[in-house]
Amino acid sequence: MDSQRPGGAPRPPQGGGGDPGDASFILTVLFAFIAIPALIFMSTSNSTFSILYQVPEGHVGVYWRGGALLKTITDPGFHMKMPLITQFEPVQVTLQKDQVKDIPCGTKGGVMIYFEKIEVVNRLRKDYVYETLLNYGVQYDKLWIYDKIHHEINQFCSAQSLQQVYIDKFDQIDEKIERSSAG
């Protein structure tokens with residue numbers, strides 16, 4: 001009968017029932033105080049574990065859930081997402097300059113020359129972000145800029161002699177690339 005209190009009520013079990021002084025309770029609370037803020041403030045843009053993330057100025061945020069691109073597009077600032085379920089990627093919507101380097105140019109005479117670099121200034125408008133990423137992916141500029149430049153230079157050079165490429169028609173190269181890229 002010594003497990004009974006004087007008033008007849010049984011004593012609580014000793015050691016481990018959620019007592020605030022219990023070590024496992026303290027560790028659980030400590031873990032919660034560390035883990036929850038860590039998940040919230042892990043703000044690396046490509047982290048699948050982060051809840052809070054930042055869309056930089058000049059970009060919009062795009063999202064995938066289960067591999068499917070969502071139509072949701074967010075403006076710059078802090079936003080929240082579901083970790084492990086929703087993936088986020090910032091997409092630049094201001095002017096950007098891409099450099100295509102070491103472009104081979106084979107002339108019709110069989111001479112191989114290289115253009116050191118061609119710079120392309122472009123901008124993806126916010127209105128076209130969803131459709132562009134849906135059709136071409138995040139690396140859309142590889143197809144529409146890098147690959148297109150290589151193709152157009154190859155087309156231009158293969159129809160010209162070395163004299164025409166370097167001297168006679170050199171000033172027409174940028175106009176030809178611009179026309180072909182616009183259409």
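Under UniProt numbering, the first residue of the sequence shown carries the number 1, and numbering increases by one thereafter. A virtual CB, placed ideally from N, CA and C, is assigned to each residue, including glycine. Remember, predicted model here, so these are calculated numbers, not experimental data.
{"Asked": "Specify whether the stretch 54-68 and the stretch 82-99 touch according to this definition: at least 3 beta carbon pairs, one from each stretch, less than 8 Å apart.", "Found": "yes"}
{"Asked": "Alpha carbons only, please: which of Asp168, Leu70 and Tyr114 is nearest the one belonging to Phe88?", "Found": "Leu70"}
{"Asked": "Measuring straight from C-alpha to C-alpha, what distance separates Asp168 and Lys126?", "Found": "40 Å"}
{"Asked": "Since Ile118 and Ile103 should fall inside the 8 Å C-beta cutoff, what is the C-beta to C-beta distance between them, to a whole number of angstroms?", "Found": "6 Å"}
{"Asked": "Per DSSP, Asn122 forms a beta bridge with which residues?", "Found": "Gln96"}
{"Asked": "For Asp102, does the three-state DSSP call read helix, strand or coil?", "Found": "strand"}
{"Asked": "Roughly how many angstroms lie between the CA atoms of Gly77 and Ile153, to the nearest whole one?", "Found": "40 Å"}
{"Asked": "What is the DSSP secondary structure of Glu152, reduced to helix, strand or coil?", "Found": "helix"}
{"Asked": "Run through DSSP, which three-state label would Ile167 get?", "Found": "helix"}
{"Asked": "Looking at the structure shown, is Ile173 part of a helix, part of a strand, or coil, going by DSSP?", "Found": "helix"}
{"Asked": "Considering only the alpha carbon of each residue, which of Val121, Lys108, Pro83 and Pro90 lies closest to Val100?", "Found": "Val121"}
{"Asked": "Around the C-beta of Ile149, are 16 or more other C-beta atoms found within 10 angstroms, so that it is buried, or is it exposed?", "Found": "buried"}
{"Asked": "Distance check for Phe31 and Glu178, CA to CA, integer angstroms please.", "Found": "58 Å"}
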